[in-house]
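What follows is a single structure, written as structure tokens, with notes after it.
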Amino acid sequence: MLKNNIIRIIVGAISTNCWIYKIDESSAAVIDPGDEAEKIIAALGKNKLVPKYILLTHGHFDHIAAIPDLAGAFNPVPEIAIHRLDSEYLGPEAYKAHILSIKAAMGNSYFIDALWKNMPPPDHLLDEADTIGPFTVLHLPGHTRGSIAFWDREESVLFSGDTLFKGAYGRTDLPGGDENDIINSLNRLYKMDGNIRVYPGHDEITTIEQERSRR
């Protein structure tokens, strides 16, 4: 069951979870807007929220494709944040980085070419233990070099991106992926409070305890 300050929107061709996290009565963080900006904008409007932040757990295209239209729909423009090691996926040279990962995943660039819009640069380059809004940043390399989780310690919720799924973890065979790194990152998560609710980049919600018990 979702907490009442969290809205889930499933977007795009590979069913990415985009999360809207209510910060206060009128503002929110949008986490991983992977596609279908109009759906995300509609959900924000329905809940009378404006996005203060666009937070990215990593830079893969299926987690950021909606950024140009989403950011352009609001004034002031929401602040975009990503780990510095994945910053190549944003800004004027981003297409080059995305082509490498898309070709590695799919064998060609048709998917990205059909959807591509120029990416804005990030406003915040994040590092381990940084804070942004209600979140503390956990650097969890393995899926990409700059994969991170956003942890709200007070609410006991964690947005894990493609590092930890329900009963699985992210692939490591794309550029910047590393199997040893992701195992170390998972072991770090398994040491956290078992009651933490995990909101992943794909599939269903889980908890640290549920995933720890599957090892």
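Heads up, the sequence shown is in this note's numbering, so the first residue is 37 and it goes up one at a time. All C-beta atoms, glycine included, are put in the ideal place defined by N, C-alpha and C.
Is residue i buried or exposed, if buried means 16 or more other CB atoms sit within 10 Å of its CB?
i: Ser51; result: exposed
i: Ile116; result: buried
i: Asp122; result: buried
i: Ala150; result: exposed
i: Asp229; result: exposed
i: Gly219; result: Per the sequence presented here, residue 219 reads as Ile, with Gly not at that position. Classification of Ile219: exposed, given that the 10 Å Cβ count is below 16.
i: Glu247; result: buried
i: Ala49; result: exposed
i: Ala78; result: exposed
i: Pro170; result: buried
i: Thr167; result: exposed
i: Pro128; result: exposed
i: Asn53; result: buried
i: Asp64; result: In the sequence as displayed, the identity of residue 64 is Ala instead of Asp. Buried: at least 16 other Cβ atoms inside 10 Å.
Kindly indicate which residue of the options has the alpha-carbon position closest to the one of residue i.
i: Gly257; options: Pro177, Tyr125 and Val113; result: Limits of the chain in this structure are 37 at one end and 251 at the other, which puts residue 257 out of reach.
i: Glu215; options: Ile244, His160, Lys202 and Arg181; result: Arg181
i: Met142; options: Ile103, Asp98, Leu200 and Ile76; result: Asp98
i: Glu72; options: Ile45, Lys82 and Leu92; result: Ile45
i: Leu210; options: Val66, Ile76, Glu129 and Ala133; result: Ala133
i: Asn83; options: Asp60, Ala101 and His94; result: Asp60
i: Gly206; options: Lys227, Ala185, His160 and Gly178; result: Gly178
i: His119; options: Ala101, Gly127, Tyr131 and Thr93; result: Thr93
i: Asn223; options: Ile100, Leu174 and Gly95; result: Leu174
i: Phe186; options: Glu245, Asn231 and Val66; result: Val66
i: His160; options: Lys88, Lys39 and Ile244; result: Lys88
i: Asp217; options: Ile244, Ser137 and Leu176; result: Leu176
i: Gly212; options: Asp68, Leu136 and Lys39; result: Leu136
i: Glu191; options: Ile232, Ala165, Ser183 and Glu245; result: Ile232
i: Ile184; options: Lys227, Asp68 and Glu245; result: Asp68
Go through its chain and collect everything with a Cβ distance to residue i's Cβ below 8 Å, but skip five positions before and after it.
i: Ala107; result: Ile90, Val113, Pro114, Ile116 and Pro156
i: Ile42; result: Trp55, Ile56, Tyr57, Lys58, Val193 and Tyr235
i: Lys139; result: Ser145
i: Ser62; result: Lys84, Leu85 and Val86
Please go through the same chain and pick out, in chain order, the residues whose beta-carbon is closer than 6 Å to the beta-carbon of residue i, but skip the five residues on each side of it.
i: Leu80; result: none
i: Lys202; result: Asp239, Glu240 and Thr242
i: Lys262; result: In the structure as shown, the chain begins at 37 and stops at 251. Residue 262 is therefore absent and cannot be evaluated.
i: Ala101; result: Gly70, Asp71 and Leu151
i: Leu162; result: Ala117, His119 and Val173
i: Ile148; result: Phe97, His134 and Ile138
Counting only the same chain and skipping the five closest in sequence on each side, list residues whose C-beta sits under 7 Å from that of residue i.
i: Arg189; result: Thr172
i: Tyr131; result: Trp152
i: Arg250; result: Gly203
i: Lys75; result: Ile45 and Val47
i: Leu200; result: Leu222, Leu225, Val234, Pro236 and Glu247
i: Thr208; result: Gly178, His179, Asp214, Glu215 and Ile218
i: Ala165; result: Thr172 and Val173
Cβ of residue i less than 8 Å from any chain B Cβ?
i: Thr242; result: Judged by its chain identifiers, the structure shown contains no chain B, having just a single protein chain.
query = Counting pairs of beta carbons, one from the stretch 100-117 and one from the stretch 195-203, are three or more of them closer than 8 Å?
reply = No contact exists between the stretch 100-117 and the stretch 195-203.
task = Kindly provide the ranges of any beta strand (DSSP E) runs that are 3 or more residues long and lie completely inside the stretch 65-150, ordered along the chain.
result = If one requires a minimum length of 3 residues, the beta strand (DSSP E) runs lying completely within the stretch 65-150 are 86-91 and 115-119, in chain order.
request  = Report the residue ranges of all beta strand (DSSP E) runs contained in full by the stretch 193-227; include only those spanning at least 3 residues, in chain order.
outcome  = Restricted to the stretch 193-227, the beta strand (DSSP E) segments that are unbroken, complete and at least 3 residues in length are 193-197, listed in chain order.
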